[in-house]
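Working notes, structure below.
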Amino acid sequence: MGLPDLLRKAYNIGLPQGSVLSPLLFLVYCHDLSLKNVLGAELFLYADDIGVAAVGRDPLCLQSASQKAVDMLSIWANSNNMAFSTHRSVSVLFHKIQNLAAFKPQVKLNGQGIVVAEHARFLGVIFDHKMTWKPHLDELIGSLKQRQHFINALCLGRRGAPTTFASTIVKSVVIFKIG
Numbered sequence: 001m002g003l004p005d006l007l008r009k010a011y012n013i014g015l016p017q018g019s020v021l022s023p024l025l026f027l028v029y030c031h032d033l034s035l036k037n038v039l040g041a042e043l044f045l046y047a048d049d050i051g052v053a054a055v056g057r058d059p060l061c062l063q064s065a066s067q068k069a070v071d072m073l074s075i076w077a078n079s080n081n082m083a084f085s086t087h088r089s090v091s092v093l094f095h096k097i098q099n100l101a102a103f104k105p106q107v108k109l110n111g112q113g114i115v116v117a118e119h120a121r122f123l124g125v126i127f128d129h130k131m132t133w134k135p136h137l138d139e140l141i142g143s144l145k146q147r148q149h150f151i152n153a154l155c156l157g158r159r160g161a162p163t164t165f166a167s168t169i170v171k172s173v174v175i176f177k178i179g
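In UniProt numbering, the protein residues as written are 1 to 179.
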């Protein structure tokens, strides 16, 4: 015989996406994670993002340090009722040396390979494997062009907005994006 509906209760762990408290509570929840060390790798926690960086000259050592850090994160997540998503994780080998272009670091999260990408987005900034700003600037320029069409439609023409209003719009829409 089952329990009456009144006595049943579902427990969910987590907060709604976009909640104002989510980043703060995530950092409180993850505080002990920031105290962990992995030889050869560094953890970066900000709001609800986590990054792992390994620095060195030997690609195999970088791969090993990255794998150890990901393994440590996975163990920590399992013990804290959390999970990291492999489809939202990427591995990027940042370099300026041509002969490293063919090396693809093999890092696994919970037995599944993490996608090797040419760039990664962290905190709204796109970092590419060649350490240029081109992908980030291309996206920023595209976004600003969309905003330019909005501003032109609003301010130009016979019934265009006054200059002071147009200036306010530019400051709030464009400068906010550049930021």
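Each residue gets a CB set at the ideal place from its N, CA and C atoms; glycine is no exception.
Between the options, which has its C-alpha nearest residue i's C-alpha?
| i | options | result |
| --- | --- | --- |
| Leu25 | Gly142, Lys36, Leu45, Ser89 | Leu45 |
| Val92 | Thr86, Phe84, Lys104 | Lys104 |
| Phe94 | Arg147, Ser22, Asp128, Asn81 | Asp128 |
| Ala120 | Thr168, Lys108, Trp133, Ser79 | Trp133 |
| His149 | Thr168, Val174, Gln106, Thr164 | Val174 |
| Ile151 | Ser172, Ser66, His136, Leu123 | Ser172 |
| His87 | Ala117, Val52, Ser64 | Ala117 |
| Asn99 | Leu123, Arg57, Ala65, Asn78 | Arg57 |
| Ile126 | Lys96, Asp32, Val90 | Val90 |
| Met82 | Glu139, Tyr29, Met131 | Tyr29 |
| Ser64 | Trp76, Asn80, Gly40 | Gly40 |
| Ala113 | Gly142, Ser85, Pro135 | First, the amino acid is wrong: residue 113 is Gly here, not Ala. Ranking Gly142, Ser85, Pro135 by Cα distance to Gly113 puts Ser85 first. |
So for residue i, helix, strand or coil by DSSP?
| i | result |
| --- | --- |
| Val174 | helix |
| Phe122 | strand |
| Leu140 | helix |
| Leu45 | strand |
| Val107 | coil |
| Ala53 | strand |
| Val116 | strand |
| Phe127 | strand |
| Val92 | coil |
| Val20 | coil |
Using 8 Å as the threshold, is the C-beta distance between residue i and residue j below it?
| i | j | result |
| --- | --- | --- |
| Ser74 | Asn37 | no |
| Val70 | Val115 | no |
| Leu43 | Ile50 | yes |
| Ser22 | Asp48 | yes |
| Lys145 | Lys96 | no |
Can you say whether residue i is buried or exposed, counting buried as having 16 or more other CB atoms within 10 angstroms of its CB?
| i | result |
| --- | --- |
| Gln67 | buried |
| Val20 | exposed |
| Leu62 | buried |
| Ala153 | exposed |
| Val55 | exposed |
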